[in-house]
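What follows is a single structure, written as structure tokens, with notes after it.
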Amino acid sequence: MAQLLEFIGNHPLLVGSLVALITALVFTEMRKGGHNISSQQLTQLVNQQEAIIVDVREKADYNKGHIVDSISMPFAKVKERVAELNKHKDKPIVIIDAQGQHAGMVGKQFKEAGLQNVLRLRGGLSTWTADGLPLVKK
1 MAQLLEFIGN HPLLVGSLVA LITALVFTEM RKGGHNISSQ QLTQLVNQQE
51 AIIVDVREKA DYNKGHIVDS ISMPFAKVKE RVAELNKHKD KPIVIIDAQG
101 QHAGMVGKQF KEAGLQNVLR LRGGLSTWTA DGLPLVKK
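Residue numbers 1 to 138, in the UniProt record's numbering, belong to the letters of the sequence shown in order.
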């Protein structure tokens, strides 16, 4: 403990930068739409709470393979189609993308549209397939 305090005393700029970076990371994660969940948690939500899965990948990618019963809503069309989900307001809505890059932005849009129980699949569809879970091909 004494060494830690000595390090902090000797390197205040470094420690201050680290604290600022961690604060910025936490703030950024909080602003994203919805919490991250695992593939296993997604499966439980679908089976127990009839969660709605929204796949925001391009239609061509969706047709190559998607989670059963997921709704295709390409990222570029989310703003114009978000109202379609109003009938599912009482259910968890899980956003799926390829690797997790767009899900946060879509989640934020969903929350702004009045959807409250919004979640994101951690790592996107790549995590789902890496976990050996099935896809439906169209």
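Cβ coordinates follow ideal geometry from the N, Cα and C atoms, glycine included.
Listed in chain order, the beta strand (DSSP E) elements of length 3 or more contained wholly in the region 17 to 56 are 35 to 37, 52 to 55. Assignment of Leu4 by DSSP, reduced to helix, strand and coil, places it in the helix class. In the displayed model, Arg81 falls within a helix according to three-state DSSP.
Setting aside the 5 residues that flank it on each side, Tyr62 is surrounded in the same chain by Asp55, Ser72, each with a C-beta closer than 6 Å to its C-beta; the list follows chain order.
Counted as a single uninterrupted DSSP element, the alpha helix (DSSP H) harbouring Val106 occupies residues 103 to 112.
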